[in-house]
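Below is one structure; the comments refer to it alone.
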Amino acid sequence: MKYLTVVECPVVFPAENEYGFSSKDMLPRAGVTAGLESRHVRVLDNRITAVCIWDSEFNAKRFFDKDWHKKANDVWGNAYQTRFEPIDDASAA
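The opening position of the sequence shown corresponds to residue 1164 in the numbering used here, with each subsequent residue numbered one higher.
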């Protein structure tokens, strides 16, 4: 079963936080992140929405672990949201 994650966050630039990360740096990348099958990003009104499809819940939660959430809180404060849910293979196609 495939797994869906959605991240919505403000646009942040590397100089704006102690990690030197931009908002895009905080998102999984196709070809680099294990288990990520597709990523779709939209930027609108200074906010990013990233919809990611994973090959498993394990890989999605491995990327969005406690360390990721700590960094996200440091980078975005309470201005970000995440959503996690299983999807069937037919709806992921």
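Where a beta carbon is used, it is the ideal one built from N, C-alpha and C, also for glycine.
- K1165: member of the beta strand (DSSP E) spanning K1165 to P1173, first to last residue.
- Secondary structure of E1179 (DSSP, three-state): helix.
- Rounded to whole angstroms, the separation of the alpha carbons of D1188 and S1219 is 22 Å.
- Measuring C-alpha to C-alpha distances from H1232 to each of V1170, F1176, Y1166 and I1211 identifies V1170 as the nearest.
- Annotation: the continuous beta strand (DSSP E) that includes F1247 extends over Q1244 to I1250.
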